Structures are given as structure tokens and as C-alpha cells.
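Its first residue numbered 1, the sequence shown is counted upward by one per residue in our numbering.
For every residue, glycine included, the Cβ atom is placed at its ideal position computed from N, Cα and C.
Only a predicted model underlies this, so the values are computations on that prediction, with no experimental measurement involved.
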Amino acid sequence: MAPAFTSALECSEIQFRGTRSTVCRVDIHTDHLQLFLDDDSGKPFTSFRRVAQSLAAHDEHLAFAMNAGMYREDYSPVGLLVRDGRQIHRLNLASGFGNFYLKPNGVFVLSASGARIVESAKYRSLEDPALLATQSGPLLVYGGQINPVLNPQGASRLIRNGVGVIIADQVVFAISEEPVNFYEFALLFRDRLNCTDALYLDGNVSSLYAQSLGRDDERVPLGPIIGVTISGRGRHY
């Protein structure tokens with residue numbers, strides 16, 4: 001018998017300040033959010049298609065996916081990655097060049113108490129162990145405030161994607177459909193999507209898989225991927 005696919009996942013295109021973005025809203029109680037990096041043989045997935053194929057072999061279905069943070073040439077994450085409660089890659093508190101190192105950067109975390117985004121330097125002080133976590137940077141919004149390092153007149157304009165937390169069980173992923181700067185992207189999360197906290201995931205490589213929209217971006221090979229899966233087993237956080 002085919003599995004009964006159910007999900008509260010909602011993906012749609014919105015307009016904000018004259019710019020189009022696609023957003024996917026996730027309820028962590030009804031949507032099974034997962035991180036993907038390597039397949040069963042240890043080879044990086046690098047694409048939504050290969051993730052979907054792997055899931056299908058295990059009687060699961062990919063409903064939504066997005067690149068989940070910055071990665072190196074071998075597709076390994078630059079920072080922390082926790083999958084199914086197991087740390088795959090350690091926390092990175094180093095200084096360096098590039099968006100990941102714009103401080104404060106942060107970690108998107110799922111634990112038994114729900115979803116949150118924390119400054120990277122505060123991650124180790126969390127009481128609940130992470131079931132899922134990905135580190136990236138910079139923070140876009142933190143405690144309802146836009147990261148002060150973001151320049152409203154910033155000249156760097158790219159297709160960008162990120163994740164925001166509205167409340168502990170409500171998460172939203174967004175990808176701009178037109179080039180925006182960091183500040184404009186942060187405003188989207190705070191003022192349009194009502195997120196108290198939001199984390200930048202990447203630009204240039206930003207990609208989206210949304211089954212309900214018939215969308216499967218194949219812009220570049222990807223490192224970590226985050227997605228919502230559906231199966232008849234109803235496995236959720």
C-alpha cells in the first residue's frame with residue numbers, strides 16, 4: 001500500500017517592497033525536517049534529485065528542500081552540522097573572510113523544546129541537546145533586531161536564502177527571486193514574515209525544491225541540504 005503522505009508545509013510566492021520571494025512555512029510538529037549531506041555510500045548528495053531518489057528507496061517523499069549553509073569545495077560544511085542528534089561537523093567559532101564569518105553568525109537548531117536560532121558563541125550553553133543543527137552566517141535578525149553589521153545601502157545584491165523562526169514550532173524558509181542586499185533580506189524576515197530571529201544560509205548557490213510548486217532548482221552542486229520529508233510512518237520531532 002502506498003504511504004499516506006500528509007504535511008502542513010505551505011510554499012508560496014510573496015511580494016515585499018517590490019521584490020518577489022518564495023517562502024515555505026514549516027510546522028515542526030507536523031512536518032519532518034531533516035538535514036542531508038552524504039548518501040548511504042558516503043558520497044555527497046550535491047542535488048535535490050539525488051536526495052529524493054534516496055528517500056524514495058526508503059519509502060519516503062521529499063516535499064521541500066533548500067541549501068542549508070555554506071560548504072567547502074568537497075561539499076563538507078564550513079560549520080556545525082547535527083543530523084538525527086549526531087554531530088557530523090563541529091562548531092566553527094574562528095574568524096575569517098566571507099559571509100560565514102560576519103559576526104555574529106548563528107546556528108539554526110531543532111531540539112525537544114522546538115526550533116530556535118542562536119548566536120554561534122552561545123550554542124554550547126543550550127540546555128536541550130540538538131536533534132538537528134546547521135551553522136551559517138551572518139545572523140539577519142536576532143531578538144527582533146536587524147544585525148547591525150548589515151548595511152541598508154549595501155551594494156552586494158544576490159539571490160539569497162535563509163531561515164527564520166516565528167515561534168518555537170513555526171519556521172519559515174525564504175529565497176529571493178530577485179537580487180537583494182543583506183539588509184533588504186533581513187527586513188523580509190522581520191517585517192513581512194514576522195520572525196524574531198533569522199539566519200542567512202547563502203547567496204549565489206541559493207536553490208529551492210518545492211514539490212507543490214513543481215520546482216527543482218539545479219543551479220550548482222550543493223553541500224548540506226535541509227528538507228521536509230513525508231512518509232506513512234509519521235516520524236516527526
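- Rounded to whole angstroms, ILE88 and TYR200 show a C-alpha spacing of 20 Å.
- The C-beta separation of TYR142 from LEU80 comes to about 17 Å, leaving the pair out of contact by the 8 Å criterion.
- Between LEU91 and SER120, the C-beta gap is smaller than 8 Å, which places the two residues in contact.
- Relative to the Cα of VAL172, the nearest Cα in the group LEU222, ALA186, LEU150 belongs to ALA186.
- Within the region 44 to 123, the complete alpha helix (DSSP H) runs of at least 4 residues fall at 48 to 57.
- Annotation: the region 157 to 193 contains the following complete segments of the alpha helix (DSSP H) (minimum length 4 residues), in chain order: 182 to 187.
- Per DSSP, the beta bridge partners of GLU10 are ARG25.
- It is roughly 21 Å from the alpha-carbon of ARG116 to the alpha-carbon of TYR183.
- The distance from the Cβ of THR134 to that of LEU35 is about 6 Å, consistent with a contact at the 8 Å cut-off.
- With a 10 Å radius around the Cβ and a threshold of 16 neighbouring Cβ atoms, SER136 comes out buried.
- Contact annotation: the region 193 to 211 touches the region 154 to 162, with at least three C-beta pairs closer than 8 Å.
- When C-alpha distances from CYS24 are compared across PHE64, HIS32, VAL78, the shortest belongs to PHE64.
- For the pair of segments examined, the region 192 to 199 was found not to touch the region 207 to 224: the number of CB pairs separated by less than 8 Å stays below three.
- Per DSSP, reduced to three states, the secondary structure at GLN211 is helical.
- Residue burial is scored here from C-beta neighbours: GLU73 has fewer than 16 other C-beta atoms within 10 angstroms and is therefore classed as exposed.
- With distances taken between CA atoms, PRO179 lies nearest to SER21 out of ARG49, ASP31, SER21, THR30.
- Considering only ILE226, SER95, GLY154, the residue with the shortest C-alpha distance to ALA174 is ILE226.
- Here SER231 carries a coil assignment [DSSP, helix/strand/coil].
- In the DSSP annotation of this structure, the continuous segment of the beta strand (DSSP E) that includes GLN34 starts and ends at 32 to 36.
- Per DSSP, reduced to three states, the secondary structure at SER125 is helical.
- In the structure shown, the three-state DSSP call for ASP197 is strand.
- In this chain, the beta strand (DSSP E) harbouring SER136 covers 132 to 136.
- Residue state for GLY144 is assigned as coil, using DSSP reduced to three classes.
- The alpha carbon of GLN15 has as its nearest neighbour, out of ALA94, PRO224, ASP197, LEU188, the alpha carbon of LEU188.
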